[in-house]
Each structure stands twice: as structure tokens, then as C-alpha cells.
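**Q** Residue numbers (this note's numbering): 273 to 504.
I'd like to ask some things about the structure below.
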Amino acid sequence: MPGQEKPFLFEDDGPRWPISKPKDAASLILVQRGKHATRVLMGERHRNHAFLPGRVVFPGGRVDIGDLRVVVPTDLRPEIRSKVAVGSSPERARGLALAAVRETFEETGYLVGERKDARPGTRSAAWRRFFSQTLDFVARAITPPGRPRRFDARFFLADAEDIAQTLDPKEASGELLRPLWLTFAEARAAEILPITSCILDEVEARLADGPDPGRPVPFFIPRRGRAVIVSL
């Protein structure tokens, strides 16, 4: 589908770095539906990080080789897998979803999955405690050139009711200062990036409209400081 220029600017301040190729990454947006408000799971990054210091972000990170090799009995729904696999492969699409689950567990202690006695088939130490389940796919975004880190990030969505296990926060990786369950208004008022605000808008709209397997997924591509947005 052709790109469409939108009134959206990637954040354009700060020092510039040599242009690098984006690395595959994934984030998981957990939604907690309460009686009086809906909240999303986010966290604040350390101020001494080279990438997005002090920003409030969704948990996530780079794809690990173990994410691509782990064997799990569940998979993304076909319509989801085909959108995640654009420019890649169905196998890598599954690995991206698993990376989102793993990174969220490592950074926040929340593990999304099914409670079963079986263990995933893998030799990866990072995956021996994990068990994944189907997720929704809500957005994709590439970090603009000139940043200290560049990612081709896929954003997945799951309900907090699907949390199968919670670790003591002390056992988390420490990349995020602490997990934060924020309302949409609180999240928008936090120190977030413009792209994060756009993804919050997409998540809120999806929750309001209800399930729709055919709903397009926005893909934010940087071009001269602006975002060209295509639909997957």
C-alpha cells in the first residue's frame, strides 16, 4: 500500500550518530481493564542509558537468537503472522512475538502465557523459563537515522489477564526502573516519545472498536524527519 504523508514528526533533537542499519526488536503492550479505568504497562528507562534515557516506554528489546530457535506449541494467528512477516519470514515473525514476551518478563517480571507443565524446546538459557501464547499485532516503527541505537520494532498487544506468572521486581533485568500501570491520560502526560503517543492512540482505538482481524496495522517509516505511514 502506498505511503501517506502524515502530520507526524519523529523527535529530532539531540546529537547525531553515524547511520546504522535498524535491528529487529519487539515490544509488548499489556492492557489492564479495570472497573473505572484501563491501564497499560510501561516503565521508565535509566537516565544513564545511551538510548532514550529517562523516557517512559513499553517493555521490549532486541530479538535474541534463542527467540528464533525456541519451539513452542502455539503460534500467531495466520492474519497476524502475515502482517508481522512483511519484509521478513513467518519463522522470524514468531521469533519477534516471543522476543516481546521474553523482554517483558525480563524487564518487568510479568510473563504472558499459559500455565502448563511442558517446557519449550530450546537450548537457549534465556528461554528455559518461558511459554508463549498468541498475541495481537498493533504497530511497527523504525527508529530514524542518526540515533545511537536503531530498531525496526514490532508492537504486540495482550491482556493483563493473560499474565501467567509474576516475579519479584528485584529479579527483573533492571533496564526499567520499575513497572508502571498507567491510564492513557497518565501515559500521555509522562516523558514519552511522539511515536509512543501514536501507538497509545492506536491501542486505545482498538480497545474502543473491539476485535477486528482485518484492521490495518500502521507502519511508521522515517523520511527526512517525517513519518511516512503505510498500512500492513
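Ideal Cβ positions, reconstructed from N, Cα and C, are used throughout, including at glycine.
Note that this is a predicted model, so its numbers are computed, not measured.
Note down, in chain order, each residue of its chain lying with its Cβ closer than 7 Å to the Cβ of A432, except the 5 sequence neighbours on either side.
**A** On the sequence shown, position 160 is the one that residue 432 refers to. Cβ within range, chain order: L302, V303, Q304.
**Q** Using a 10 Å radius around the Cβ and a threshold of 16 neighbouring Cβ atoms, would you call D484 buried or exposed?
**A** Numbered from 1 along the sequence shown, position 212 holds the residue referred to as residue 484. That one is exposed.
**Q** Check M273 in the structure and name its three-state DSSP category.
**A** On the sequence shown, position 1 is the one that residue 273 refers to. Low per-residue confidence applies at M273: pLDDT is 41, beneath 50, and the placement is therefore not dependable, though the value from the model is reported in the following sentence. M273: coil per DSSP, three-state reduction.
**Q** Based on the DSSP output, what are the partners of L302 in its beta bridges?
**A** Within the sequence shown, numbered from 1, the residue matching residue 302 stands at position 30. Partner(s): A430.
**Q** Looking at C-alpha atoms only, which residue of R334, R366, D336, V358 is the closest neighbour of L348?
**A** Taking the first residue of the sequence shown as 1, we reach residue 348 at position 76. Looking at the Cα atoms, R366 is the closest of the given residues.
**Q** Relative to the C-alpha of P294, which residue among G306, V335, L340 is closest?
**A** Within the sequence shown, the letter at position 22 stands for residue 294. Here the closest residue by C-alpha is V335.
**Q** Among R422, P350, R487, whose alpha-carbon lies nearest the alpha-carbon of P494?
**A** As a first step, residue 494 is located in the sequence shown; it is residue number 222 there, counting from the start. Residue R422 is the option with its Cα nearest to P494.
**Q** Pick helix, strand or coil for K295, following the three-state DSSP scheme.
**A** Here residue 295 refers to the residue found at position 23 of the sequence shown. Strand.
**Q** In terms of residues, what are the limits of the alpha helix (DSSP H) holding S503?
**A** Numbered from 1 along the sequence shown, position 231 holds the residue referred to as residue 503. In this chain, S503 is not harboured by any alpha helix (DSSP H); it is covered by the beta strand (DSSP E) spanning 498-503.
**Q** Going straight from the alpha carbon of A462 to that of D339, what length do you get?
**A** Position 190 of the sequence shown, counting from 1, holds the residue named residue 462. Position 67 of the sequence shown, counting from 1, holds the residue named residue 339. Distance between the alpha carbons of A462 and D339 is about 31 Å.
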